[in-house]
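Let me begin by presenting the structure, written as structure tokens, before commenting on it.
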Amino acid sequence: MNGKGKALTKALMATALVAFVALAYVALMPLNASAQTPMSLSVNINNTAGSVTVSNLYYYLKLDLKDGARAEAWLVNVTTPALLPLVPTGSLVTPTPLLAISSPNSTEVTLPGNLEQANWVASVVSSSPTSETIMLTPAGNETYPFNLVEYVTVSSLLPYMKVLIVVANKGTAPASGVLAYGIGSAGLTGSWRAAVELENGSNGSYSIIGLSNATSASGQALTASAVYFNESGAPLAAIGLSYVSPQASFEFLEGKLFGLNESQAFIVGLFSIPELQPGESYKVSFEAFAIGFNPFELASTGSLEVAQQLYPNITSRVPATMNVDGVTSYLNSQISSLNSSLNSVEQEVNNLSAKLYYYERQLEVANNAEGYYRHLATRGGLLAGGMFIVGVVIGVLGGAYLLSPRGVERRQPARKK
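Numbered according to the numbering used here, the sequence shown spans residues 75 to 491.
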């Protein structure tokens with residue numbers, strides 16, 4: 075199978091599996107994860123307080139808009155079950171998600187970059203029953219002449235976030251550059267292993283390349299992922315980028331990064347921004363994820379083969395037992411509720427159709443009545459006009475007769491003899 079066919083197969087597999095991921099987690103979700111109902115999504119934006127909070131079945135994420143839109147907390151629901159803090163609550167320094175852009179016409183970008191402590195503004199720009207899209211923009215002009223707008227779509231059904239970044243040239247001269255986006259973790263004890271799955275340009279197949287600390291690989295990536303292993307050597311979580319467009323260079327960074335005295339690990343994608351004329355823009359898109367290390371979530375992010383190379387015994391991570399009866403019961407209740415709603419909708423449609431028919435008939439009767447009375451009014455006007463003319467004629471003729479000599483003679487009284 076060629077690369078495109080393989081990528082399509084993986085995408086279809088991910089789509090098929092993602093629903094099962096949500097259903098399986100109904101039974102696996104720890105009791106202390108949250109008070110949310112299964113498959114729920116919560117998005118809370120407060121620009122005054124400077125915070126964005128997103129939570130669903132898979133993760134809890136809180137961003138600080140007043141300090142680089144970085145994560146104050148990032149908790150991942152793993153299958154232990156437990157909540158794993160990829161970014162501990164209250165962390166004040168970890169620049170993840172990381173977003174930076176180079177100076178105009180530069181081929182290098184400094185990390186964590188010029189937006190590390192910038193103020194951001196957030197708003198929800200679209201919403202559906204299962205997802206919301208958040209628009210994030212820097213409040214200042216730290217990246218001038220470049221203007222960055224980031225769209226993040228979160229879902230109740232998916233363990234990853236869909237990210238679209240639009241880079242526009244707001245200056246007066248052409249400008250090119252390098253855009254960096256990274257997903258990281260901080261404060262965990264243990265070890266990390268990373269790899270990237272790239273398309274081979276010669277035949278369209280894919281190959282997996284391991285990444286050691288501070289190394290990079292470039293190309294069209296299906297996924298670039300780093301897996302976290304605890305001190306006992308058990309894989310618990312994975313972070314990374316997948317389904318990246320256009321092609322990019324990917325780096326794995328581990329250690330006390332950015333001058334901070336805490337252990338960190340990052341997967342960073344570097345995108346070359348072509349020369350943009352004033353007013354032109356350029357887009358990059360990908361899926362960003364921080365997930366529990368299990369085959370279902372890894373498959374949904376296209377990272378299963380990378381995970382298999384980093385941890386060949388991944389099949390043992392499939393839970394031996396699942397609450398199938400509970401999942402089935404939940405599904406049946408949802409189907410029953412949907413059927414009930416559908417019946418209600420059908421009944422309401424029937425009622426509205428009957429009302430529509432009734433009002434159309436009433437409108438038809440009213441139109442007929444209006445035409446009839448208009449006809450009567452027209453006839454009444456003609457009759458009144460005709461009688462007026464007859465009256466005038468009679469009056470003229472009668473007056474002429476009375477004024478005539480014969481008429482005068484007839485009007486004189488008879489004399490007594």
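Note that the Cβ used here is the ideal one computed from N, Cα and C, for glycine as well.
The three-state secondary structure of Val167, taken from DSSP, is coil.
Around the beta-carbon of Arg267, 16 or more other beta-carbon atoms lie within 10 Å, marking it buried. For Val195, the uninterrupted beta strand (DSSP E) run begins and ends at 194-201, by DSSP.
Thr297 and Met209 have their alpha carbons spaced roughly 24 Å apart. Just so you know, the alpha carbons of Phe345 and Val358 end up roughly 8 Å apart.
Every beta strand (DSSP E) of 3 residues or more that sits fully in the segment 307-341 is shown, in chain order, as 309-319, 322-329. Judged by their CB atoms, Ile175 and Thr211 are not nearer to each other than the 9 Å cut-off.
Between the segment 272-286 and the segment 243-254 there are fewer than three inter-stretch CB-CB distances shorter than 8 Å, so the stretches are not counted as touching. Considering only Tyr431, Val128, Val161, the residue with the shortest C-alpha distance to Ala312 is Val161. Ranked by Cα distance from Ser200, the first of Tyr433, Leu189, Val223, Thr227 is Thr227. For Val380, the enclosing alpha helix (DSSP H) starts and ends at 378-384. If you check the CB distance, Leu327 and Phe367 do not come in under 9 Å. In the DSSP assignment, Phe360 forms a beta bridge with Val237.
Straight across, the Cα-Cα distance linking Asp141 with Thr163 is about 15 Å. Here the segment 360-380 makes no contact with the segment 191-200; the two share fewer than three CB pairs at distances below 8 Å. For Pro369, the enclosing alpha helix (DSSP H) starts and ends at 369-374. In summary, Gly293 is buried, with 16 or more beta-carbon neighbours lying within 10 Å of its beta-carbon over all protein chains present. In the structure shown, the three-state DSSP call for Ser129 is strand. Leu139 places its beta carbon 9 Å or farther from that of Asn151. Taking Ala322 as reference, the option from Gly256, Pro203, Pro386 with the minimal CA-CA separation is Gly256. In its chain, beyond the 5 residues on either side, Ala312, Gly314, Ser377, Val380 have a beta carbon closer than 6 Å to the beta carbon of Ser299.
Spanning the alpha carbons of Leu384 and Leu158 requires a straight line of approximately 20 Å. Under DSSP, Arg435 forms no beta bridge with any residue. The DSSP assignment places no complete run of the alpha helix (DSSP H) inside the segment 207-286 (cut-off: 4 residues).
The shortest C-alpha to C-alpha distance from Tyr133 to any of Leu115, Pro178, Gly124 is the one to Leu115.
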